[in-house]
Amino acid sequence: MKTGGVYILECSDKSYYVGSTSNLEQRMAQHNSAIFGGYTTSRRPVKLIWSQEFCDMQYAIEAERKIKNKKIGYLK
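Per the numbering used here: the sequence shown ends with 80, consecutive numbering throughout.
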């Protein structure tokens, strides 16, 4: 079982991004260096405002989806 976490970032334009990862420190570096492109690329720097760890990555993914369904993710 691989552990994971869900996180919320505040972007430089005051919008929010929700994601899940198995390595939060690495993922934050990826967001701030724009390695993958996507939503946060043009909204750097990003700041971690909340995270929660889970004993199973699947739980983190489920939590991310629940947060996004509540319209918290990708807000402008």
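Where a beta carbon is used, it is the ideal one built from N, C-alpha and C, also for glycine.
Secondary structure of residue i, DSSP reduced to three states
i	result
SER37	helix
SER19	coil
LYS51	strand
TYR43	coil
GLY77	The predicted position of GLY77 is uncertain, since its pLDDT is 46 and thus under 50; a value taken from the coordinates is nonetheless stated next. In the structure shown, GLY77 sits in coil (DSSP, three-state: anything other than H, G, I, E or B).
GLU14	strand
Rounded Cβ spacing between residue i and residue j (contact assumed at less than 8 Å)
i	j	result
LEU28	ILE53	About 13 Å separates the two Cβ atoms, so there is no contact after all.
GLN62	VAL10	The pair is not a contact, with the Cβ atoms about 11 Å apart (cut-off 8 Å).
Identity of the residues DSSP links to residue i by a beta bridge
i	result
GLU29	Bridge partners of GLU29: none, in fact.
GLU57	GLY9
Cβ-Cβ distance between residue i and residue j below 9 Å
i	j	result
SER19	ARG47	yes
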